[in-house]
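Residue numbering for the sequence shown follows numbering that gives the first Met the number 0, beginning at 0 and increasing consecutively.
Structure, as structure tokens:
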Amino acid sequence: MENTLPERPAAVLVAVQLPDVSDTDHSADLAELTRLVHTLGYDVVATVSQKRQALAAAAVLGEGKLKELADITGGKGVVPSGAPKKKDKARLKRMPAEADESDDSDHDGDSDGDGDSDGDGDGDGDDAGGTKASTKATRSGGTASPSDRIRKATVVVVDHEITPSQARNLERATGAEVLDRTGVIVEIFHRHAKSREAKLEVEIARLKYVAPRMREAGGGADRQRGGIGGKGAGESALELDKRKIRDRIAELREELDAIQKEQGVRREHRKEAQRVALVGYTNAGKSSLMRALTGSEVLIADKLFATLDTTVRALHPETKPRVLVSDTVGFIKKLPHDLVASFRSTLDEAREASLLLYVADASDPTFRAQLEVTQATLGEIGASKIASRLLLNKVDRLDESERQALAREYPDAILLSAKDPADIATLHDTIVAFFESSMVEGDVVIPYSKQSLVSEVFEAARVLSEEYDETGRRLHVLAPPATLARLSRLVDR
0 MENTLPERPA AVLVAVQLPD VSDTDHSADL AELTRLVHTL GYDVVATVSQ KRQALAAAAV
60 LGEGKLKELA DITGGKGVVP SGAPKKKDKA RLKRMPAEAD ESDDSDHDGD SDGDGDSDGD
120 GDGDGDDAGG TKASTKATRS GGTASPSDRI RKATVVVVDH EITPSQARNL ERATGAEVLD
180 RTGVIVEIFH RHAKSREAKL EVEIARLKYV APRMREAGGG ADRQRGGIGG KGAGESALEL
240 DKRKIRDRIA ELREELDAIQ KEQGVRREHR KEAQRVALVG YTNAGKSSLM RALTGSEVLI
300 ADKLFATLDT TVRALHPETK PRVLVSDTVG FIKKLPHDLV ASFRSTLDEA REASLLLYVA
360 DASDPTFRAQ LEVTQATLGE IGASKIASRL LLNKVDRLDE SERQALAREY PDAILLSAKD
420 PADIATLHDT IVAFFESSMV EGDVVIPYSK QSLVSEVFEA ARVLSEEYDE TGRRLHVLAP
480 PATLARLSRL VDR
């Protein structure tokens with residue numbers, strides 16, 4: 000008997016191309032959202048795209064495109080005015096595709112029947128810019144198979160951050176679960192967090208995302224009713240839930256603060272160490288470079304946000320003094336602000352590094368925009384002025400003419416492949432040379448009565464030569480000025 004994997008849930012993408020977004024950027028955003036949704040465990044079976052001046056206030060899309068979306072999900076395609084009558088999310092999903100005719104005429108924001116359901120005054124309810132919108136069937140970025148066209152999507156994913164009411168209206172119009180881009184990213188972070196610190200940071204961001212949407216959730220209507228007249232107990236239950244979330248966030252913050260204090264102590268111990276941080280867009284190859292540079296068994300996966308926990312390892316082959324390399328969480332366009340705030344402590348590894356290595360996937364045609372996102376995010380945490388080098392990774396996927404063009408465009412960048420040992424050796428030498436450029440030579444004389452300090456000198460500095468005289472053991476070393484001063488004070492105690 001043949002074993003088959005369970006079918007992944009089907010999802011449809013929804014995107015509005017605003018006037019300031021080019022066709023290239025719009026396509027890149029949709030391709031990235033497709034990867035995000037695939038990482039979350041869904042198959043993308045269709046895409047609904049529309050050019051508009053702004054998102055429709057009621058349900059993101061205009062009336063015509065909303066009905067096309069509903070054809071893909073099996074919903075009614077209209078947003079009934081007023082609150083639903085005690086329909087939870089499960090019942091919404093079970094609604095038949097054939098909508099009641101009396102309901103079809105009752106649109107949110109279109110009570111006069113002029114067809115202007117999106118409230119932009121153009122009357123077409125479809126495309127405020129007058130440009131034809133597009134709907135296409137896809138499967139994981141490819142051409143849809145006949146079975147995909149028959150499959151009804153159970154999830155609608157919007158490539159924008161939408162309001163709770165917009166999400167609720169889309170759910171009522173499509174009969175499907177609705178996620179916006181922020182919700183997808185938060186959920187991926189939630190699934191991929193491994194360390195206790197990362198789990199706490201993600202849970203805080205997740206609760207802050209969920210809290211304002213509780214009233215708008217599909218099952219919220221039941222919770223808002225209760226007692227005589229439908230008031231009182233139900234409202235109290237909702238407020239109680241929100242208070243529980245606030246209390247839970249406070250509890251998580253307290254636990255996170257304790258962990259971050261411990262992390263702060265560890266960073267303080269490494270304060271004098273030479274530190275380099277790998278930063279860049281998600282899936283740019285940071286973890287592959289981390290493994291190649293340090294020999295550590297860090298997770299490598301061809302998916303977005305495979306790494307959420309900061310890993311710190313020594314550069315290998317080791318140097319004296321040691322160089323510590325940090326692999327940080329990847330960035331992405333429209334990264335939710337709460338996640339940036341939550342991961343501020345994790346990103347401290349980047350902020351406190353002496354050298355930042357900006358890693359970009361040179362084979363990705365949108366890597367320039369990705370670099371801008373990385374630089375903007377690092378600017379938010381105060382790391383934009385740290386010395387840096389640009390690493391254009393994955394050049395093994397480019398032909399020679401493309402490599403030469405990149406070399407001309409970015410003359411100071413290092414073109415490399417994490418799979419090429421020669422490229423890694425060159426990068427290793429570049430890192431070592433950077434730190435050596437700020438080192439100075441000096442002598443540390445250790446009295447014979449303090450020979451226990453010799454190992455510390457060998458650990459903290461590179462010993463160039465050593466001599467013995469009547470005063471003790473004289474070590475001629477190469478070290479950062481601060482390290483040399485500390486060792487001298489240590490000996491003079």
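Where a beta carbon is used, it is the ideal one built from N, C-alpha and C, also for glycine.
Measure the alpha-carbon distance for R224 versus A236 and round it to whole angstroms. For this step, residue 224 is matched to residue 225 along the sequence shown. For this step, residue 236 is matched to residue 237 along the sequence shown. With a pLDDT of 46 at R224, under the threshold of 50, the predicted position of this residue should be treated as unreliable, and no value is reported.
I need the boundaries of the alpha helix (DSSP H) containing D422, first residue and last residue. Position 423 of the sequence shown, counting from 1, holds the residue named residue 422. First-last of the alpha helix (DSSP H) with D422: 420-435.
Using alpha carbons as the reference points, say which of G40, D42, P163 lies closest to D57. The count along the sequence shown starts at 1 and reaches residue 57 at position 58. Here residue 57 turns out to be Ala, not Asp, going by the sequence shown. When each option's Cα is compared against that of A57, the closest is P163.
Please state the DSSP three-state secondary structure of K50. Locating residue 50 in the sequence shown gives position 51, counting from the first residue. DSSP places K50 in the strand class (E or B) of the three-state scheme.
Does the structure place the stretch 157-172 close enough to the stretch 13-22 that three or more beta carbon pairs sit under 8 Å? Verdict: yes, contact present.
By Cβ distance below 8 Å, which residues in the same chain neighbour M289 in space, the five residues on each side in sequence not counted? As a first step, residue 289 must be located in the sequence shown, where it is residue number 290. Same-chain partners within the cutoff: L277, S295, V297, T310, R312, V324, D326.
For the structure I just gave you, are there three or more beta carbon pairs, one from the stretch 179-192 and one from the stretch 202-209, closer than 8 Å? Touching, yes.
Mind the definition here: the stretch 430-450 touches the stretch 479-490 only if three or more C-beta pairs lie below 8 Å; say whether that holds. The stretch 430-450, when compared against the stretch 479-490, does touch it at the 8 Å Cβ threshold.
What span of residues does the beta strand (DSSP E) with G279 cover, start to end? Numbered from its first residue, the sequence shown carries residue 279 at position 280. That run of the beta strand (DSSP E) goes 273-279.
Using DSSP with H/G/I as helix, E/B as strand and the rest coil, what is N168? Taking the first residue of the sequence shown as position 1, residue 168 is located at position 169. For N168, the three-state secondary structure derived from DSSP is helix.
Which two residues bound the contiguous beta strand (DSSP E) that contains Y409? Your numbering for residue 409 matches position 410 in the sequence shown. Where Y409 is concerned, there is no enclosing beta strand (DSSP E), given that its DSSP letter is neither H nor E.
Euclidean distance between Cα positions of D398 and A368: The residue you call residue 398 lines up with position 399 of the sequence shown. The residue you call residue 368 lines up with position 369 of the sequence shown. Approximately 22 Å between the Cα atoms of the pair.
Proximity to P335 [Cα-Cα], best of V185, G381, L32: Here the question's residue 335 lines up with position 336 in the sequence shown. For the residues V185, G381, L32, the minimum Cα distance to P335 belongs to V185.
How about K198 and T72: do their beta carbons lie closer than 7 Å? Counting from 1 along the sequence shown, the entry for residue 198 is found at position 199. Counting from 1 along the sequence shown, the entry for residue 72 is found at position 73. In this structure, the beta-carbon distance from K198 to T72 does not fall below 7 Å.
Are there 16 or more other CB atoms within 10 angstroms of the CB of D117, so buried, or fewer, so exposed? Counting from one through the sequence shown, the residue named residue 117 turns up at place 118. Residue confidence for D117 is low, a pLDDT of 45 falling below 50, so the modelled location carries little weight and cannot support an answer.
Close-in-space but distant-in-sequence residues of the same chain around G40 (CB under 8 Å, 5 per side omitted): Start at 1 with the first residue of the sequence shown, and residue 40 comes out as number 41. Answer for G40: R7, P8, listed in chain order.
Just to check my reading of the structure: V476 and V462 have Cβ atoms closer than 8 Å, yes? What is that Cβ distance to the nearest angstrom? On the sequence shown, position 477 is the one that residue 476 refers to. On the sequence shown, position 463 is the one that residue 462 refers to. About 5 Å separates the two Cβ atoms, so the contact holds.
Environment of S21 [buried if 16+ CB atoms lie within 10 Å]: Here residue 21 is taken as the residue at index 22 of the sequence shown, counted from 1. That one is exposed.
For Y208, the first and last residue of its enclosing alpha helix (DSSP H): If you number the sequence shown from 1, residue 208 lands on position 209. Under the DSSP assignment, Y208 falls in the alpha helix (DSSP H) whose first and last residues are 195-209.
DSSP-derived helix/strand/coil call for D117: Position 118 of the sequence shown, counted from the start, is the residue given in the question as residue 117. Residue placement at D117 is poorly supported in this model, since its pLDDT is 45, which falls under 50; the coordinates are not used for a value here.
A249 to E196 span [Cα, whole Å]: The sequence position of residue 249 within the sequence shown is 250, counting from 1. The sequence position of residue 196 within the sequence shown is 197, counting from 1. Our two residues, A249 and E196, have alpha carbons roughly 15 Å apart in a direct line.
Once you ignore the five residues that flank T173 on each side, which residues in its own chain have a CB closer than 7 Å to its CB? As a first step, residue 173 must be located in the sequence shown, where it is residue number 174. For T173, where only same-chain residues beyond five positions count, the Cβ hits under 7 Å are L68, A69, T72, G74, V155.
Straight-line Cα distance separating Y447 from A382: The count along the sequence shown starts at 1 and reaches residue 382 at position 383. The count along the sequence shown starts at 1 and reaches residue 447 at position 448. In a straight line, the C-alpha of A382 is about 44 Å away from that of Y447.
Using CA atoms only, rank isn't needed, just tell me which of T318, V372, T38 is closest to H427. For the purposes of this step, residue 427 is taken as the residue at position 428 of the sequence shown. Closest by alpha carbon: T318.
First through last residue of the beta strand (DSSP E) which encompasses I445: To locate residue 445, count along the sequence shown from 1; it is residue 446. The continuous beta strand (DSSP E) containing I445 extends over residues 439-445.
Three or more C-beta pairs under 8 Å: does that hold for the stretch 373-381 against the stretch 400-415? Here the stretch 373-381 makes no contact with the stretch 400-415; the two share fewer than three CB pairs at distances below 8 Å.
Hey, L391 and A359 are a contact pair by Cβ (cut 8 Å); roughly how many whole angstroms apart? As a first step, residue 391 must be located in the sequence shown, where it is residue number 392. As a first step, residue 359 must be located in the sequence shown, where it is residue number 360. The C-beta distance from L391 to A359 rounds to 6 Å, short enough to meet the 8 Å contact threshold.
Is L355 closer than 7 Å to I331 when the C-beta atoms are compared? As a first step, residue 331 is located in the sequence shown; it is residue number 332 there, counting from the start. As a first step, residue 355 is located in the sequence shown; it is residue number 356 there, counting from the start. No, the Cβ-Cβ distance between I331 and L355 is not below 7 Å.
Bridge-paired residues (DSSP) for F457: Taking the sequence shown and counting its residues from 1, one reaches residue 457 at position 458. According to DSSP, F457 bridges with nothing at all.
Where does G174 fall in DSSP's three states? Counted from its first residue, the sequence shown places residue 174 at position 175. G174 sits in coil when the DSSP states are folded into three classes, being neither helix nor strand.
Straight-line gap, Q52 to Q273 (C-alpha atoms, nearest Å): Numbered from 1 along the sequence shown, position 53 holds the residue referred to as residue 52. Numbered from 1 along the sequence shown, position 274 holds the residue referred to as residue 273. Cα to Cα, the separation comes out at about 50 Å.
Less than 7 Å separating the beta-carbons of V275 and A352? Here the question's residue 275 lines up with position 276 in the sequence shown. Here the question's residue 352 lines up with position 353 in the sequence shown. Contact flag set, yes.
Closest by CA to T153, which one among L178, I161, H159, E160? If you number the sequence shown from 1, residue 153 lands on position 154. Out of L178, I161, H159, E160, L178 has the C-alpha closest to the C-alpha of T153.
Just to confirm my understanding: we take R180, look at its own chain, exclude 5 residues before and 5 after, and list those with CB closer than 8 Å. What are they? Along the sequence shown, read from residue 1 onward, the residue named residue 180 stands at position 181. So the list reads L32, L35, V156, V157, D158, H159, E160, K333, once near-sequence residues are dropped.
Can you name, in chain order, every residue of its own chain whose Cβ lies under 6 Å from the Cβ of K86, other than the five neighbours on each side? Working through the sequence shown from its first residue, we reach residue 86 at position 87. Note that K86 scores 41 on pLDDT, short of 50, meaning its location in the model is unreliable and no value can be drawn from it.
C-alpha gap between V431 and L292, whole angstroms: Within the sequence shown, residue 431 is the residue found at index 432, counting from 1. Within the sequence shown, residue 292 is the residue found at index 293, counting from 1. If I take the Cα positions, the gap works out to 12 Å.
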